[in-house]
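Engineer: Quick one: this structure, given as structure tokens, is what I'll be asking you about.
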């Protein structure tokens, strides 16, 4: 199975989710915890993917080299906490990455 | 009755109601486009996640996990777990769309995602059922066009940018930006810390199963928080455009 088929399968499944209750309405009921769980999927997925992405960026680097991605993460977290804006993460994090890379001894 | 010709003003009103959402949606689409261009998957395949999956978080997970060479079944499962909320949107809209032609339900369901759900639901609450159909379609089509254009622009720009910019790191930063504001909610906070911890511990798991496992553990951990646990108020400056997931 290659990337194209994976994307097609995920797309088809997502469309069936969208259609599901329009077709089945009135025939099945959803348990309450199911709705609670759906509100947790996004945060859990974001956290898992972010942690994996940061770890991938640091893989094989010594502590000095890893300072750039780690500084970017720190700047992103602080910026979002201070501004409340999600987009501040990129606006603060990427410059922190570039500045730290320039300042580090090569 | 579906009659868009008679309801042009409602179509336009739906599009206008969608416009503020685009401020949050378009940058997200650009990030996905850039990440698709930087990933090892074909850029066109990354762009196709837009029209086929049409859900930002699931698209991010799909592109990220394909780039990390996760097993295909794991990638599809992760995308579908993330999109499970669409079942609730479908259940909510079903009563408004009952009795409409099948072609309408097929199209309207395809366009159903967080912002179109929010705008559409507002229309069904305020307007009559027939007018609200046009209102929903006006907002949903504008969102769809903007989303695909943003991903395309990001993919085009991302492919031509130099590697020293390390744009592959934009995506983790974007995800951090999405997760941090959710730390104010106790259940989501527990889900975030549990998922991040398991993801790091399971980095060497085969087929990138660690990500799917981390999501499952995060959801389970979040469910252990009592639903009536106190929730801190959101930061006064916190944006509320995060429904695009």
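Chains as they are written, first to last, in my numbering: chain A, 91 to 196; chain B, 45 to 289. Virtual Cβ for every residue (Gly too), placed ideally from N, Cα, C.
List in chain order: all unbroken alpha helix (DSSP H) runs of 4+ residues lying wholly within the segment 59-108 of chain B.
Structural biologist: Runs of the alpha helix (DSSP H) lying entirely within the segment 59-108 of chain B, each at least 4 residues long, are 87-97 in chain order.
Engineer: Which of the three DSSP states, helix, strand or coil, is assigned to residue 144 of chain B?
Structural biologist: Working through the second chain from its first residue, we reach residue 144 of chain B at position 100. Three-state DSSP puts residue 144 of chain B in coil, outside helix and strand.
Engineer: Could you tell me which of B:118, B:135, B:89, B:127 sits nearest to residue 99 of chain B, measuring between CA atoms?
Structural biologist: Here residue 99 of chain B is taken as the residue at index 55 of the second chain, counted from 1. Selected option, being the one with the closest Cα: B:127.
Engineer: For residue 140 of chain B versus residue 170 of chain B, is the C-beta distance shorter than 8 Å?
Structural biologist: As a working mapping, residue 140 of chain B is identified with position 96 in the second chain. As a working mapping, residue 170 of chain B is identified with position 126 in the second chain. No, the pair does not count as a contact, with Cβ atoms beyond the cut-off.
Engineer: What does residue 125 of chain B reach in chain A if we use C-beta pairs closer than 8 Å?
Structural biologist: Here residue 125 of chain B corresponds to residue number 81 of the second chain, with the count starting at 1. The contacting residues are 131, 135.
Engineer: Using Cβ-Cβ distances below 7 Å, what residues of the segment 150-168 of chain A are close to chain B?
Structural biologist: 159, 162, 163, 166, 167
Engineer: What would DSSP say about residue 101 of chain A, mapped onto helix, strand or coil?
Structural biologist: Numbered from 1 along the first chain, position 11 holds the residue referred to as residue 101 of chain A. If DSSP states are grouped into helix, strand and coil, residue 101 of chain A belongs with the helices.
Engineer: What is the rounded straight-line gap between the Cα of residue 147 of chain A and the Cα of residue 94 of chain A?
Structural biologist: As a working note, residue 147 of chain A is residue 57 in the first chain. As a working note, residue 94 of chain A is residue 4 in the first chain. For residue 147 of chain A and residue 94 of chain A, the distance between alpha carbons rounds to 26 Å.
Engineer: How close, in whole Å, do the beta carbons of residue 143 of chain B and residue 54 of chain B come, if the pair is a contact with beta carbons under 8 Å?
Structural biologist: On the second chain, position 99 is the one that residue 143 of chain B refers to. On the second chain, position 10 is the one that residue 54 of chain B refers to. The pair is not a contact, with the Cβ atoms about 19 Å apart (cut-off 8 Å).
Engineer: Please report how far the alpha carbon of residue 129 of chain A lies from the alpha carbon of residue 223 of chain B, in whole angstroms.
Structural biologist: Position 39 of the first chain, counting from 1, holds the residue named residue 129 of chain A. Position 179 of the second chain, counting from 1, holds the residue named residue 223 of chain B. About 13 Å.
Engineer: Looking at the unbroken alpha helix (DSSP H) that takes in residue 126 of chain B, where does it start and where does it end?
Structural biologist: Against the second chain, residue 126 of chain B aligns to sequence position 82. Start and end: 116-126.
Engineer: Would you check if the distance between the CB atom of residue 92 of chain B and the CB atom of residue 198 of chain B is smaller than 8 Å?
Structural biologist: The residue given as residue 92 of chain B occupies position 48 in the second chain. The residue given as residue 198 of chain B occupies position 154 in the second chain. No.
Engineer: Between the C-alpha atoms of residue 100 of chain A and residue 96 of chain B, what's the straight-line distance to the nearest angstrom?
Structural biologist: Position 10 of the first chain, counted from the start, is the residue given in the question as residue 100 of chain A. Position 52 of the second chain, counted from the start, is the residue given in the question as residue 96 of chain B. Using only the alpha carbons, I get a separation of about 8 Å.
Engineer: Going by C-alpha to C-alpha distance, which of B:83, B:149, B:63, B:86 sits closest to residue 106 of chain A?
Structural biologist: Along the first chain, read from residue 1 onward, the residue named residue 106 of chain A stands at position 16. Checking every option, the nearest Cα to that of residue 106 of chain A belongs to B:149.
Engineer: How long is the line joining the alpha carbons of residue 233 of chain B and residue 219 of chain B, rounded to whole angstroms?
Structural biologist: The residue given as residue 233 of chain B occupies position 189 in the second chain. The residue given as residue 219 of chain B occupies position 175 in the second chain. In this structure, the CA atom of residue 233 of chain B is about 14 Å from the CA atom of residue 219 of chain B.
Engineer: Against residue 171 of chain A, what residues of chain D qualify as contacts under a CB-to-CB distance less than 9 Å, listed in chain order?
Structural biologist: In summary, chain D is missing from the structure at hand, where the protein chains are A and B.
Engineer: Have a look at A:132, A:191, A:104, A:121 and flag the residue whose alpha-carbon is nearest the alpha-carbon of residue 160 of chain A.
Structural biologist: For this step, residue 160 of chain A is matched to residue 70 along the first chain. Taking only the C-alpha atoms, the option nearest residue 160 of chain A is A:191.
Engineer: My understanding is that residue 185 of chain B touches residue 155 of chain B, with C-beta atoms under 8 Å, so please give their C-beta distance in whole angstroms.
Structural biologist: Reading the second chain from its first residue, position 141 is the one you call residue 185 of chain B. Reading the second chain from its first residue, position 111 is the one you call residue 155 of chain B. The Cβ separation is near 7 Å, so the contact holds.
Engineer: Do residue 158 of chain A and residue 182 of chain A come within 8 Å of each other at the CB atom, strictly closer than that value?
Structural biologist: On the first chain, residue 182 of chain A is found 92 positions in, with the first residue counted as 1. On the first chain, residue 158 of chain A is found 68 positions in, with the first residue counted as 1. No, these two residues do not count as a Cβ contact at 8 Å.
Engineer: In chain order, what residues of the same chain lie with their CB nearer than 7 Å to the CB of residue 281 of chain B, ignoring the 5 residues before and after it?
Structural biologist: Residue numbering aside, residue 281 of chain B sits at position 237 when the second chain is read from its first letter. Note that residue 281 of chain B scores 33 on pLDDT, short of 50, meaning its location in the model is unreliable; the coordinates nonetheless yield the value given after this. Cβ within range, chain order: n/a, list empty.
Engineer: Taking DSSP as the reference, what is the three-state secondary structure of residue 269 of chain B?
Structural biologist: Sequence index remark: in the second chain, residue 269 of chain B carries index 225 (1-based). Looking at residue 269 of chain B - three-state DSSP - the assignment turns out to be coil, as it is neither helix nor strand.
Engineer: Go ahead and label residue 150 of chain A buried or exposed: buried means 16 or more other beta carbons lie within 10 angstroms of its beta carbon, across all protein chains shown.
Structural biologist: Position 60 of the first chain, counting from 1, holds the residue named residue 150 of chain A. Classification for residue 150 of chain A: exposed.
Engineer: Indicate whether at least one CB of chain A lies closer than 8 Å to the CB of residue 62 of chain B.
Structural biologist: Taking the second chain and counting its residues from 1, the one referred to as residue 62 of chain B is at position 18. Residue 62 of chain B does not count as touching chain A.
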